[in-house]
Amino acid sequence: GQLEVTFLKNFCPLGNLQSLISEHEKFPPQLQPFIPETQAFSISAEKKTDLVQKGKQDFLDSSILKLLTDKINNSFPAPKNQTWISSSKWYKKSKNKIKDFIPINSAIENLSMYSIENLIFSTFKRNPSNSVIKFKTYSRTSHGIIKKIFHHQCTLNDQSLTNTWMLVKNLAPENSRAENPFSKVDNFDMRVDLKVLECKEVVIHISEIHAHCAWLEYKPFEISQNIERKCIALVSLDQ
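With our numbering applied, the sequence shown covers 5 to 243.
Put into structure tokens, the structure is as follows:
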């Protein structure tokens with residue numbers, strides 16, 4: 005199908021090419037004149053980083069701010085048994101309790117894409133092709149679609165802390181009893197997972213991203229008469 009053809013024709017050769025270029029000093033003299041032109045792929049990717057850093061000032065709505073606050077409490081717990089809470093709640097605390105909490109404001113720098121080691125990750129609105137990811141939180145591997153990317157700054161002990169986060173729409177396993185029509189692709193060392201879009205959204209830190217995913221969307225019954233929901237077939241590009 006289209007998914008495996010895309011993987012074999014585009015991802016695999018590009019990965020092999022990048023690996024070879026990294027050891028270009030081992031190439032025979034006859035090939036050396038072609039190295040600079042080939043390296044242009046990497047150079048152009050590095051230049052994209054300049055575009056990624058420019059963001060737009062914005063504010064998180066209360067539901068996303070709560071997701072972020074819970075995430076920070078779990079991933080970056082405050083010292084002295086303090087708890088991160090939204091600034092609106094912090095201002096309502098009494099004077100004798102306020103010392104037990106640290107405020108988190110809703111101000112952010114909104115990004116439409118972000119570069120990690122020359123790989124561009126984008127919101128679905130900016131570029132759907134770069135928006136489906138594999139990520140790992142608390143030792144659990146999941147997949148999702150990037151809805152929002154943002155820088156957020158908070159203060160701890162008079163020190164400013166800035167981190168980059170993503171709001172991700174979860175992709176859950178397709179749980180019908182139908183056999184995965186892509187199961188035979190495993191014979192080619194390429195696993196294709198069938199997923200469906202969940203309502204659940206999560207906030208993840210950029211350090212939790214594991215890989216891009218190649219993906220195709222299928223309508224109900226398009227790939228199997230037993231699969232009644234719209235689903236997404238995806239391949240993790242770390243394979």
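Ideal Cβ placement from N, Cα and C applies to all residues, glycine included.
Nothing here was measured: the structure is a model prediction, and the numbers come from that model.
Rounded to the nearest whole angstrom, the C-alpha separation of Val-207 and Gln-229 is 35 Å.
If you draw a straight line from the Cα of Ile-137 to the Cα of Ile-213, it is about 7 Å long. Contact between Gly-59 and Leu-123 does not hold, since their C-beta atoms are separated by about 18 Å, which reaches or exceeds 8 Å. The beta carbon of His-209 is closer than 7 Å to those of Ser-79, Asn-167, Trp-169 in its chain, skipping five residues each way along the sequence. If you look at Ile-210, you'll find it isn't in any alpha helix (DSSP H); DSSP assigns it neither H nor E. In chain order, Ala-111, Ile-112, Glu-113, Asn-114 place their CB closer than 8 Å to the CB of Gln-61, counting only its own chain and leaving out the 5 sequence neighbours on each side.
Note: Glu-202 is not bridge-paired with any residue in the DSSP secondary-structure output. Secondary structure at Thr-73: helix, using DSSP grouped into helix, strand and coil. An exposed status is given to Cys-203, since fewer than 16 other beta-carbon atoms sit within 10 Å of its beta-carbon. Nearest Cα to Leu-175 within the set Glu-221, Thr-159, Lys-97, Ser-164: Glu-221. For Ser-91, the closest C-alpha among the options Leu-171, Asn-100, Leu-64 is that of Leu-64. Every beta strand (DSSP E) stretch that sits fully inside the segment 60-132 and reaches 3 residues is listed by chain position as 60-63, 87-90, 105-108, 111-115, 117-120, 123-126. Lys-152 sits away from Lys-173, with the two beta carbons spaced by 7 Å or more. Note on geometry: alpha-carbon atoms of Asp-104 and Gln-86 lie some 5 Å from one another.
Note on geometry: alpha-carbon atoms of Phe-154 and Gly-148 lie some 17 Å from one another. With respect to the 7 Å criterion, Pro-107 and Trp-94 are classified as neighbours on the basis of their beta carbons.
Per the C-alpha coordinates, the member of Asn-179, Asn-100, Ala-215 positioned closest to Ile-236 is Asn-179.
CA-CA distance, Ser-135 to Phe-125, rounds to 6 Å. Going by C-alpha positions, Ile-227 is about 19 Å away from Cys-217.
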